[in-house]
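With the working numbering applied, the sequence shown covers -14 to 336.
Here a beta-carbon is modelled for each residue, glycine too, at the ideal position from N, C-alpha and C.
Quick notes on the structure that follows.
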Amino acid sequence: MSKYPLIVRAVEWVDGKVRWINTNLLPYEELYEESQDHERIARAIESMEIRGAPAIGVAAALAIAATALKFSNINSVDELKDIISKAIERLRRTRPTAFNLFWALNRISNVLSRNYSSVEALRKAIVDEALSIYHEDIETNIKIGEIGEKLIDDGDTILTHCNAGALATAAFGTALGVIRAAWYNGKKIKVIATETRPVLQGARLTVWELKKEGIPVTLVTDNMVGYIMYKGLVNKVIVGADRILLDGFVINKIGTYSIAIIAKRHGVPFYVAAPTSTIDPVSSINDIVIEERNANEVRYIMNKMLITMPDVDVLNPAFDVTPPELVTSIITEKGIIEPPFRENIMKILSL
């Protein structure tokens, strides 16, 4: 039982189905979707109904568990393994940058690699592993919050970018988990949230979460960050991550790199909060695929109001790369990682 309220749950397991809040509709409508169909869940990930690296990983794992239960008439271990393998491959193709997706699906794949005496034994093993991933995510986020909140001083104003909150995880959040823990431990803090163009995750999701729990938040446009740091209005920056490399490169929502540069210029600590499942121990910076999303996300506001010429060329990368020299430290469930990152990340992964 958590000592913190888990008011928002982005992804859940309900009676053998995956249940999620459709983040595309927030803050205007709180609509929960349910499905046992991995294809429906894959489309939800692609369309960003489900978004945020940890939430994507949890949803993908639970989608595989739901698939295992859905095909209850299968009597052959090999046949069920084949169905599950195809579902895993479909989910792998949903979004290329968030490492938690591949980490979670690899865990399920490892379950498939073992020998089973019956279909029921295989089905149970898949469901158990998926539920472990789900519960571990919540526990991990709370640990990140408890470890990270020690970096927060009473009276701090913290800038965060995009949404690394409960809506980006199974519950509680990473960057917002640190903020939540500080708030619930009595620290009088304030948050500045960037709007996060083009999909407005900060304006729509982060503000919604913080207002729901009474945590003071001020919304700014993305291009105000330099001004507010110049004015001394920010004490710390805390962001999440979609992938972290051993060398300390942080791949996160587009705009993170710019904020890190401005923070460095003004001597503001720049913290990254993420579970160790976000750390990619194999890839180099040259291996990373930055997802390029639909041009209409930029041409339109929320796919409704056209804000430019309908045929203008658009560049719409979903993520950017922040180099390690701009990162003060990385907050994980196993502890705070300081530079030099390669050496200290490898130590933390071995714990």
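Helix, strand or coil at residue i according to DSSP, with G and I counted as helix
i	result
Pro266	coil
Ile59	coil
Thr293	coil
Thr181	coil
Ile174	coil
Where residue i falls, given that 16 or more other Cβ within 10 Å makes a residue buried
i	result
Pro183	buried
Asn237	buried
Glu342	Outside the displayed range of the chain (-14 to 336) lies residue 342, so it cannot be described from this structure.
Gly217	exposed
Arg165	buried
Glu64	exposed
Arg284	buried
Ser103	exposed
Arg327	exposed
Pro201	exposed
Leu190	buried
Pro302	exposed
Rounded separation between residue i and residue j - CA only
i	j	result
Pro324	Ala106	45 Å
Ser335	Val299	43 Å
Leu185	Cys147	7 Å
Ile111	Val96	7 Å
Asp139	Glu34	35 Å
Asp265	Leu231	7 Å
Ile247	Lys172	26 Å
Tyr215	Val224	19 Å
Ala72	Pro81	16 Å
Whole-angstrom C-beta distance between residue j and residue i, which should lie under 8 Å
i	j	result
Pro260	Lys221	The Cβ separation is near 20 Å, so there is no contact.
Asn288	Asn281	6 Å
Ser262	Gly42	7 Å
Ala156	Thr145	At roughly 17 Å, the Cβ-Cβ gap does not stay under 8 Å, so Ala156 and Thr145 are not in contact.
Ala149	Leu76	About 22 Å; that fails the 8 Å criterion.
Ala44	Val3	6 Å
Residue i CB to nearest heavy atom of the ligand NAD below 7 Å
i	result
Val205	Although the ligand NAD was asked about, the structure shown includes no ligands whatsoever.
Quiz item: Between the segment 21 to 40 and the segment 49 to 57, are three or more C-beta pairs nearer than 8 Å?
Solution: yes
Exercise. Say whether the segment 155 to 172 touches the segment 227 to 243, bearing in mind that this needs 3 or more beta-carbon pairs closer than 8 Å, one atom from each stretch.
Key: no
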